[in-house]
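J.: Protein sequence lines, in the order shown, are assigned to chains U and P.
This note's numbering puts the first residue of the first sequence at 1, with every later residue one more than the last.
This note's numbering puts the first residue of the second sequence at 1001, with every later residue one more than the last.
Even for Gly, the Cβ is constructed at its ideal location relative to N, Cα and C.
There are 2 protein chains.
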Amino acid sequence: MKKAMIKSEGNNYSAIEIGKLQDLAEYSFPHPKLRQDVPGKLFVGEILKSTGIEVSFQIMPVNSDIPFLHSHTNQEEVYIFIKGKGQFQVDNDLFDIQEGSIIRVAPKGKRTWRNNSDNIMILMVIQAKVDTLENYNVLDGFGVSGEILK
Amino acid sequence: MKKAMIKSEGNNYSAIEIGKLQDLAEYSFPHPKLRQDVPGKLFVGEILKSTGIEVSFQIMPVNSDIPFLHSHTNQEEVYIFIKGKGQFQVDNDLFDIQEGSIIRVAPKGKRTWRNNSDNIMILMVIQAKVDTLENYNVLDGFGVSGEILK
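In structure tokens, the structure reads:
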């Protein structure tokens, strides 16, 4: 089984390489609750040592689905579809998704998704604690002096 | 200028469509601090009504850079490169990046990046408040009953 590895690290960052997204099938996630391996799923938060953000990647084979609904306790999720076509369900709403579909789901939303096409689907899922964001866009950032390395 | 629009919405979610990622150049971000438009940059948190996560997308032309370093006040960032090749700098470390490079940067890290190749580069940037995440991977989630719609 492939593992994501730290490539570079410093006091203020960690950098990893997960490889080409079309090769995500080489990863497998040992699901601690389902007690089975989920092929094509990779979580990177712990290896990145992130303290506010969890990120996962998933490649879904043609005509595959997540055969259950799930909700969250404290974490908001944002689903980002970067390849393929399928459907997404939250509570009693079902809608089509494709490259460029992005869905925010509140913790208690009951969600599932499927790849109902003849091509692979690739998605990313972001998690963070609900009601913690203080600023959108660039308002938390500020320019700093320093040498830009070449 | 292209704008991301809400496609579907409910009590527990908002879904938007931003289109094909290779067409991100059709978006432009009116930067409130630089007081100029940044072409190829799109923030989606506010339109998603997210409360814990900001997400932005950026397409960078061949041989282009961010000509300044920046830091953050309270927000951790995770940079995810999904197409292209270039370089990323945090503080005094400079390293190569490509599809599948993922970098967590703490608020005070001084960061910049460049596309030093002859192809476009596409990246995503996730922001959330530092030190708020309670659980990695699936530990915040739980299966729920309900009808899976077809």
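Mind checking whether P/T1073 and U/D140 have CB atoms under 8 Å apart?
T.: It is a contact, given that the beta carbons lie within the stated cut-off.
J.: Would you say U/D37 lies against chain P (beta-carbon separation less than 8 Å)?
T.: No, no contact with chain P.
J.: Could you compute how far the alpha carbon of P/E1009 sits from the alpha carbon of U/D96?
T.: Those two C-alpha atoms are separated by around 13 Å.
J.: By DSSP, does U/A4 sit in helix, in strand, or in coil?
T.: Here U/A4 sits in coil by DSSP.
J.: Using a Cβ-Cβ cut-off of 6 Å (strictly less than) and excluding sequence neighbours within five positions of U/D37, which residues of its own chain qualify?
T.: Answer for U/D37: S28, P30, listed in chain order.
J.: Between P/K1129 and the rest of its own chain, which residues show a CB-CB distance below 8 Å, the 5 nearest in sequence each way excluded?
T.: The answer, listed in chain order, is G1052, N1074, Q1075, E1076.
J.: Taking 8 Å as the CB-CB limit, is U/S71 close to chain P?
T.: Yes, contact with chain P.
J.: Taking U/S28 as the query, report the chain P residues whose CB atoms sit under 9 Å from its CB, ordered along the chain.
T.: The contacting residues do not exist; U/S28 stays about 13 Å from chain P at best.
J.: Quick check on U/G131: does DSSP put it in helix, strand or coil?
T.: Looking at the sequence shown, residue 131 of chain U is not Gly but Asp. Correct three-state label for U/D131: coil.
J.: Taking only three categories from DSSP, how would you classify P/D1023?
T.: Residue state, collapsed to three classes: helix.
J.: Rounded to whole angstroms, what's the CA-CA distance from U/V78 to U/N135? Just pull it up for me.
T.: Computed Cα separation, rounded: 17 Å.
J.: Whole angstroms are fine: how far does the CA of U/L149 sit from the CA of P/D1091?
T.: Between P/D1091 and U/L149, the C-alpha separation is close to 9 Å.
J.: Ignore the nearest five residues each way along the sequence and tell me which others in U/M121's own chain have a CB closer than 6 Å to its CB.
T.: Correct list, in chain order: M60, G84, G86, N115.
J.: Can you check whether the C-beta of P/Q1089 is within less than 8 Å of a C-beta belonging to chain U?
T.: With 8 Å as the cut-off, P/Q1089 counts as an interface residue toward chain U.
J.: In the DSSP output, which residue or residues are listed as bridge partners for P/Y1079?
T.: BP columns for P/Y1079 point to P/I1103, P/V1125.
J.: Between which two residues does the beta strand (DSSP E) containing U/E17 stretch?
T.: Residues 13-17.
J.: Please tell me whether U/K110 and U/L69 are closer than 8 Å, where the distance is taken between their beta carbons.
T.: Contact flag set, yes.
J.: Give the secondary structure of U/F46 by DSSP, where H, G and I count as helix, E and B as strand, and everything else as coil.
T.: Rather than Phe, the amino acid found at residue 46 of chain U in this sequence is Glu. Reduced to three states, the DSSP call for U/E46 is helix.
J.: Alpha carbon to alpha carbon, how far is U/A106 from P/A1025?
T.: When rounded, the distance between both Cα atoms is 30 Å.
J.: List the endpoints of the continuous beta strand (DSSP E) containing P/N1115.
T.: 1111-1115 is the span of the beta strand (DSSP E), which, as asked, contains P/N1115.
J.: So U/M124 and U/S56 are supposed to be a Cβ contact under 8 Å. How far apart are they, rounded?
T.: Indeed, because the Cβ distance is near 7 Å, the residues count as touching under 8 Å.
J.: Please name the residue in P/V1144, P/V1138, P/D1093, P/Q1127 whose C-alpha comes closest to that of U/A15.
T.: Nearest C-alpha to U/A15: P/D1093.
J.: Where do the ends of the beta strand (DSSP E) carrying U/S145 lie?
T.: From DSSP, U/S145 is part of no beta strand (DSSP E); its letter is neither H nor E.
J.: How would you write the range of the beta strand (DSSP E) that P/G1086 sits in, first residue to last?
T.: P/G1086 -> beta strand (DSSP E) spans 1085-1090.
J.: Tell me which same chain residues have a C-beta within less than 7 Å of the C-beta of P/F1043, skipping the five on either side of it?
T.: For P/F1043, where only same-chain residues beyond five positions count, the Cβ hits under 7 Å are F1029, E1054, S1056.
J.: When you compare only the Cα positions, how much space is there between P/E1046 and P/Y1013?
T.: P/E1046 and P/Y1013: Cα-Cα distance of roughly 13 Å.
J.: DSSP three-state call for P/I1097: helix, strand or coil?
T.: Of the three classes helix, strand and coil, the one that applies to P/I1097 here is strand, per DSSP.
J.: Quick check on this structure: which residue in P/S1071, P/I1066, P/G1040 has the alpha carbon closest to the alpha carbon of P/Q1058?
T.: Taking only the C-alpha atoms, the option nearest P/Q1058 is P/G1040.
J.: Mind checking which residues open and close the beta strand (DSSP E) that includes P/I1059?
T.: 1054-1060 is the extent of the beta strand (DSSP E) around P/I1059.
J.: Could you tell me the alpha carbon to alpha carbon distance between P/G1143 and U/L21, rounded to whole angstroms?
T.: Looking at the two C-alpha atoms, the distance is approximately 27 Å.
J.: So is U/R35 buried or exposed if we call it buried at 16+ other beta carbons inside 10 Å?
T.: Classification for U/R35: exposed.
J.: DSSP beta-bridge partners for P/D1065?
T.: Answer by DSSP bridge pairing, in chain order: P/R1114.
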